[in-house]
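2 protein chains.
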Amino acid sequence: MNDLSAPLVEPRESLDSADAMERRLRWIGATRYHSLHPFHRMLHGGQLTRGQVQAWALNRYCYQSIIPIKDAVVMSRFRDRMIRLEWRHRIEDHDGFFDSEGGIERWLKLTDGLGLDRAYVESLAGALPATRFATEAYVHFVREKSPLEAIASSLTELFAPNLHEERIAGMLKHYDFIHPGIMTYFQRRLDQAPRDAQFALAYVRDHATTPEARQAVCDALIFKTNVLWVQLDALHHAYVNGNVPPGAFRPDGM
Amino acid sequence: MNDLSAPLVEPRESLDSADAMERRLRWIGATRYHSLHPFHRMLHGGQLTRGQVQAWALNRYCYQSIIPIKDAVVMSRFRDRMIRLEWRHRIEDHDGFFDSEGGIERWLKLTDGLGLDRAYVESLAGALPATRFATEAYVHFVREKSPLEAIASSLTELFAPNLHEERIAGMLKHYDFIHPGIMTYFQRRLDQAPRDAQFALAYVRDHATTPEARQAVCDALIFKTNVLWVQLDALHHAYVNGNVPPGAFRPDGM
């Protein structure tokens, strides 16, 4: 486990090969991915109330709902049809098809199962402003940065499967209001995330051909870990430490 | 003093006149402006360490430095030369002239005076990611929303002078590392903010001519109060409660 109280010391290895870059990317994941955040330890360890889990699911919906929008912007950056085809299946994973559900629908099963009103969740009216700003920053990033950086910002999925396995096991074990039927989102991502991550990793390894481009890839991943970390900091401050900002969701009794 | 632990109950008055809208705007200020945030009470009451004041000034620089960029985007939304002329002086206030300083330079006098390295401050490298996301959300807002909403989002300046007076008096009284020479930013804003706020208020009173447009004006002000509030929540979580996120500024001994 990483010592979060210590400042980060960037490794000194220069980014003169794809392998060196991949080592740096994995170091960034090991020191900055939100699996390290105290809020996740509380979530998976059964230390949260139902109201706090509601707040997490409600805010995380804000992130889920923006992913296909972000991916549509990424697609729009490429003239290469093969990349658009590869990227399109991410949108299919989240939006589903007319006759079958996708990840967003599966997330709403979770918020339904937690007793949240679906229209309220979908309106984003109760989401923390910090969640809104962080998730919208992700869309702006993939629109404004280079196509290489847009793809690199998805690389947090390299680290997602372990987190999701821990989450499924921990939440099912510790909370009587959680059952497998409302956890299908994470179950599905165990298969989807590795495919996506491998494509993105192979892409940046092939297309970042200078130390400067490799640094930009690493910075894009750092940006994305910040997008995720900010969301948990905001949840922690509001719902663990009890500082709910004006207008945001308040669980019963808070 | 507003009770922050209570949910907000929106007033029932409908927005069928400019006066009703102005009452609502002032209510939004009274319930959501960041003068109510606990971090400001600590800052002005002398309850912060020098390191915590450094963290505040460093992060707030991120906001200061984006204001003329935001104002340039606002200017770019108007074909009416008179509005551009009026708005241009905001940029002059912040950027100054070749032969005289502006608000950003005055802010750097504050960070200099607090012992922060100027290049480090200007790089934004140590700013909290939440600060980055919130301030960039402000630029995106004025680019993507209507020109009316872009102007309305500046209306927090209606409430700034009281806060600045309280800040100047409180900080000079309580901190031996603060002296008048590094507080000139706030002194100048006492004259500048009211002029700006009166123009913006008159503009939205004249141009929001339907209840829907008046609601959009109010929502723009709420958005802006969120931009400010998020910054203080993030400071509080990181530097009062001691949860500095990976990569952010760490004062000596933290």
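If you read the protein sequences in the order shown, they are chains A and B. According to this note's numbering, the residues represented by the first sequence are 7 to 260, in order. According to this note's numbering, the residues represented by the second sequence are 7 to 260, in order. Ideal Cβ placement from N, Cα and C applies to all residues, glycine included.
Sequence-distant residues of the same chain with beta carbon closer than 7 Å to residue i, five excluded per side
i, result
"TYR209(A)", "ILE157"
"PHE250(A)", "The sequence given here has Val at residue 250(A), not Phe. Contacts found: ALA244, ARG256, MET260."
"TYR126(B)", "GLY132"
"TRP33(A)", "PRO17"
"ILE184(A)", "MET177, LEU178"
"ARG195(A)", "ALA166, HIS170"
"ASP77(B)", "TRP93, ARG96, ILE97"
"MET81(B)", "ARG90, TRP93, ARG94"
Where residue i falls: helix, strand or coil (DSSP)
i, result
"GLY248(A)", "coil"
"PHE103(B)", "strand"
"VAL145(A)", "helix"
"TYR39(B)", "coil"
"GLU16(A)", "coil"
"ALA274(B)", "Any property of residue 274(B) remains undetermined from this structure, which presents chain B solely from 7 to 260."
"GLN34(A)", "Checking the sequence shown, residue 34(A) turns out to be Ile, not Gln. If DSSP states are grouped into helix, strand and coil, ILE34(A) belongs with the helices."
"SER23(A)", "coil"
"HIS180(A)", "helix"
"MET7(A)", "Residue confidence for MET7(A) is low, a pLDDT of 40 falling below 50, so the modelled location carries little weight; the figure read from the coordinates is stated next. Note: MET7(A) maps to coil in three-state DSSP."
"LEU49(B)", "helix"
"SER71(A)", "helix"
"SER152(A)", "coil"
"ARG83(A)", "coil"
"GLY187(A)", "helix"
"THR231(B)", "helix"
"GLY57(A)", "helix"
"LEU134(A)", "coil"
Whether residue i touches residue j by CB criterion (8 Å)
i, j, result
"LEU21(B)", "ARG30(B)", "yes"
"ASP202(B)", "GLU142(B)", "no"
"CYS224(A)", "MET88(A)", "no"
"HIS95(A)", "GLY109(A)", "no"
"LEU14(A)", "THR37(A)", "yes"
"LEU116(A)", "ILE72(A)", "no"
"LEU134(B)", "ASN65(B)", "yes"
Residue i versus residue j: straight-line alpha-carbon distance, rounded
i, j, result
"ASP182(A)", "ALA136(A)", "30 Å"
"GLY248(B)", "LEU207(A)", "35 Å"
"THR215(B)", "SER23(B)", "8 Å"
"ALA140(B)", "ASN168(B)", "23 Å"
"GLY132(A)", "LEU241(A)", "12 Å"
"ILE228(B)", "PRO252(A)", "10 Å"
"ARG83(A)", "GLN193(B)", "47 Å"
"THR113(B)", "ALA175(B)", "Inspection of the sequence shows that residue 113(B) is occupied by Trp rather than by Thr. Going by the C-alpha atoms only, they are around 17 Å apart."
"LEU49(B)", "ALA166(B)", "16 Å"
"ASP261(B)", "HIS46(B)", "Since the first residue of chain B shown is 7 and the last is 260, residue 261(B) is not available in this structure."
"ILE97(A)", "ARG124(A)", "21 Å"
"GLU19(A)", "ALA12(B)", "52 Å"
"ILE75(A)", "PHE103(A)", "16 Å"
"ARG173(B)", "PRO186(A)", "53 Å"
"GLY119(B)", "VAL79(B)", "31 Å"
"ALA254(A)", "ASP212(A)", "44 Å"
"GLY35(B)", "ASP25(B)", "15 Å"
"MET7(B)", "PRO44(B)", "In this prediction, MET7(B) has a pLDDT of 40, which is less than 50 and means its spatial position is unreliable; what the coordinates show is noted afterwards. Rounded to the nearest angstrom, the two C-alpha atoms are 11 Å apart."
"TRP235(A)", "ASP105(B)", "43 Å"
"VAL148(A)", "ARG90(A)", "14 Å"
"LEU130(A)", "GLU107(B)", "42 Å"
"THR138(A)", "ARG85(A)", "The question names Thr, but residue 138(A) in the sequence shown is Arg. Whole-angstrom Cα-Cα distance: 30 Å."
"GLU128(B)", "GLU128(A)", "39 Å"
"PRO217(A)", "HIS146(A)", "25 Å"
"PRO200(A)", "GLU111(A)", "21 Å"
8 Å contact criterion, which residue i and residue j should meet: CB distance rounded
i, j, result
"THR190(A)", "HIS40(A)", "So it is not a contact: roughly 21 Å between Cβ atoms."
"ALA219(B)", "LEU161(B)", "Not really, about 14 Å apart at Cβ, beyond 8 Å."
"GLN237(B)", "TYR67(B)", "With 8 Å as the limit, GLN237(B) and TYR67(B) do not qualify as a contact, their Cβ atoms being about 11 Å apart."
"GLY52(B)", "HIS180(B)", "3 Å"
"ALA63(B)", "SER152(B)", "So it is not a contact: roughly 34 Å between Cβ atoms."
"VAL233(B)", "TYR144(B)", "5 Å"
Beta-carbon proximity list for residue i, same chain, < 8 Å, skipping 5 on both sides
i, result
"PHE205(B)", "GLU92"
"GLY57(A)", "TYR245, PRO257, ASP258, GLY259, MET260"
"ALA61(B)", "LEU241, ALA244, TYR245, PHE255, PRO257"
Close beta carbons around residue i, own chain, < 6 Å, minus the five adjacent residues each side
i, result
"GLN198(A)", "ASP99"
"ALA226(A)", "GLU155, ALA158, SER159"
"GLU150(B)", "none"
heavy atom of the ligand COA below 7 Å from residue i C-beta
i, result
"ALA166(A)", "With respect to the ligand COA, the structure offers nothing, as it holds no ligand at all."
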